[in-house]
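Here's the structure we're looking at; comments come further down.
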Amino acid sequence: MFFRRRARMLRWLVCGRLGPVWMWKALLLFVAIAFAGQLLGVIFNKNNVQPAPHSIFLSPDAQGPSLGSCQPHTHIMFLKTHKTASSTVLNMLYRFGEERRLRFALPLGYQLGYPLPFNAHRVKGYRGPRATEFHIMGNHMRFNKLEVEKVMPADSFYFSIIRDPVALAESSFAYYKEVAPAFRKAKGLGDFAEDPGKYYDPRLRNNHYARNLLWFDFGMDHNANFSVALAQRGEARIRQTFKLILISEYFDESMILLRHALCWPLDAVVSFSLNARQQKPSGLGGLGGSWVDKAAAVAGVGVRSGHLQAKMAPNLSLTADQRERLRQWNALDWYLYKAFNRTFWKEIDRFGHAQMQQEVALLRLRREHLARACLRDGGKPVEAHRIRDKTIRPFQSGLVKILGYELQLGLDNTTRLACLRMIRPEIQYKDVLDSKQFPRAPGAQAQPGQQSQGLMVAGGGSFLRHDPSRTGEKMVGNGGGGTVEQVDRDWDGSRLMKSNHTLIRVQEKGRLR
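Right, here's the structure in full:
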C-alpha cells in the first residue's frame, strides 16, 4: 500500500509538474545513445591512434652514469689543433652551447686570425674585456693566452687535443700538399721524410704545416732547435693553462675524461666522426677502419681551389725508418705527445680502469644506438655529392674527399633536430650560430644555406666570406657600423679595418683573400 501511494505521487509529480512521461522516455533514450557513441569512439581511438613519438634523446640513457651533484661547466676554451679530431670535438661544443643558448666567441670569418697569434679583436662582437660574456671559444687559432683572457671569463675550463706527430704529418700532408711549399715540392710523404731540410724553408708562408704543427698551434716557435730544456718549458707553459689534454688515438677514453671534467651528460660527448677522409691509402700506419681511427683522421678547415680537385691523391706510404725520421723532424711535438700521453694514462689510473672500460662501453653502445636512429646506410659516411640536403654537405678540402652523412627519413621533429646537430659540418654550423647571435634585419635575411656559399680561401686555409657586390674600400662582415679606420694588414697582406673595436677585412681588387 505504501509503495503504491509513492508510485501514484511520483506519476502525479512527473506528469503534472515536470512534463509528460513520453518526453522523459525520449530524453533517456537520447542520453543512452550518446553514451554508447562516446564509448565506441574511445575504443576506436585506442585501436587506431598511435601515441605521440618520444625522442631517443630524451631517454634516461642520454644522461649516462650519475656525476653526483656537480654543475655543468659553461665557460669553456678549447684550443682546436689541426688534424687531431678537433672538428668532432668542436661539434660537441657547438651542440651543447646551442641547446642551452650559450654565447660563442665566433670569428669574423671561419678561423680566429690563424695563423697569426690570436687577437681578441678577431672575435665578432667583442667590445673590450668583460664588456660581453662569452661562454665557449673553440675555432682554429694560434694560441695567445693574454688575448684569450680578454675574451673568456676567469673561471673558463681550458682543454685541447693532440696526436702522434707521425699520424698528424700524414694527415697534414694529405690536406696541405698544395698549400705548404715544403709538401708541394715532395713527391710523397716518404720523400719528404727522407730529407725534410731539402724541402723546408722556414721563411715561406704556410710551411708551419710541415713542422711541429702542435707546437705552433699552442703559440710557440715551431722552428726552434730542440733541447730538453726548451721542450720542458713548453710543456710547463701548457700545463699552467690547460686543465686537460686529450689524445686523439684514445678518443673514447678522452671523451669520458672530458665528460667528467665538464660534468656533462653522456649524449653531450657522443659523436659521429666529422671531416673523415675517404679511403686512406695503404701504408698509413696506426689508422685502421674503426670509429676511433676515423675520428683520429678528422681534419681542420683546409683549402680548396678549382685546379686542385683533379690532382692525384698524395702518396702517404712510410717505412719504419721514415716514421722515425718524421719524429725527429717534429721533435718538439713528439716530446709533447709523450709527456701528455703519460699524463693521460695517469688520469685514467686515478679514474679507475674498470670504471673507464664500463663507461667507454656505454659510450660506444649509445653511439651505435644513435647512429641507427639518426643515419641512413647504417651510419656509414658517404661522399658529399650523395647527400641530397646541400646544407649539410661537407666542404671539400685539399686533395682528398671529405665524407658526410644522410639523415634517416621519417624522424620526429625533436629527434631530427638533435640528429642534424650531430652531423652538421663545421662551416655550416658556424653560420647557423652566427645568424642566431647576430640576426640580420628582416629585409636582409639570408636564405638557408646561403651563408656557406661564396667563400674565398687564403693560402693558409683561413676562410673569409666573399661578397661579390662589395669592392674597393667597402667593408666585409661588419655589422656594427661606426667610424672605420685602417689599423693593420693581415698575414696574407689584406688590410684590416677597425670599427667599434672589431677588426674586419676589406677586399682589394685582384686579391684572393
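When the letters of the sequence shown are read in order and numbered with this note's numbering, they come out as residues 12 to 524. Cβ coordinates follow ideal geometry from the N, Cα and C atoms, glycine included. A quick note: this is a predicted structure, and the numbers were derived from the prediction, not measured.
Asked	Found
Classification of residue 123 by the beta-carbon crowding that lies within 10 angstroms, buried from 16 upward	buried
Entirely enclosed alpha helix (DSSP H) segments - the region 217-295, minimum 4 residues	224-228, 239-252, 262-273
Residue span of the alpha helix (DSSP H) that contains residue 168, given as start and end	Note, residue 168: premise wrong, no alpha helix (DSSP H); beta strand (DSSP E) at 168-173.
Distance CB(residue 384)-CB(residue 339) smaller than 8 Å	no
Three-way DSSP call (helix, strand, coil) for residue 373 in this model	helix
Residue interval of the beta strand (DSSP E) (run including residue 88)	87-90
Contact belief for residue 129 with residue 100 at Cβ below 8 Å, rounded distance in angstroms	Actually they do not touch by this definition, with Cβ atoms about 18 Å apart.
Candidates 260, 86, 120: closest to residue 113 by CA position	86
Whole-angstrom distance between residue 213 and residue 425, CA atom to CA atom	51 Å
Rounded straight-line distance, which links the Cα of residue 400 to that of residue 432	14 Å
Segment contact, 8 Å Cβ cut-off, at least three pairs: the region 228-245 with the region 89-104	yes
Inter-stretch contact (C-beta, 8 Å, three-pair minimum) for the region 138-148 and the region 162-170	yes
Selection from 272, 438, 200, 278 that minimises the alpha carbon distance to residue 403	438
Of the residues 356, 398, 284, 225, the one placed nearest residue 246, counting alpha carbons only	225
Beta-carbon spacing of residue 276, residue 82 below 8 Å	no
CA-to-CA distance, residue 363 to residue 76, given in whole angstroms	15 Å
For residue 108, the nearest candidate out of 414, 343, 249, 280 (CA to CA)	280
Inter-residue CB distance, residue 242 and residue 218 (contact presumed, cutoff 8 Å)	Incorrect: roughly 21 Å between the Cβ atoms, too far for contact.
Residue environment, residue 135, which counts as buried when at least 16 other CB atoms sit within 10 Å	buried
As assigned by DSSP and simplified to three states, the class of residue 207	helix
Length of the line joining the Cα atoms of residue 332 and residue 204	9 Å
Top-ranked residue by Cα proximity to residue 257, from 348, 180, 285, 150	348
Any alpha helix (DSSP H) of 4 or more consecutive residues that is wholly inside the region 72-152	97-110
Status (buried if at least 16 other CB within 10 Å, exposed otherwise) for residue 95	buried
Limits of the unbroken alpha helix (DSSP H) element including residue 176	176-187
Through-space distance from residue 366 to residue 200, alpha-carbon basis	40 Å
Rounded distance between the beta-carbons of residue 180 and residue 337, thought under 8 Å	5 Å
Cα-Cα separation between residue 172 and residue 263, rounded to whole angstroms	12 Å
First and last residue of the uninterrupted alpha helix (DSSP H) at residue 438	437-448
Three-state secondary structure assigned by DSSP to residue 327	coil
Residue 198 vs residue 341 beta-carbon contact at 8 Å	no
Supposed contact pair residue 268 and residue 168 - C-beta distance, whole angstroms, cut 8 Å	About 12 Å; that fails the 8 Å criterion.
Supposed close pair residue 176, residue 344 - CB separation, criterion 8 Å	4 Å
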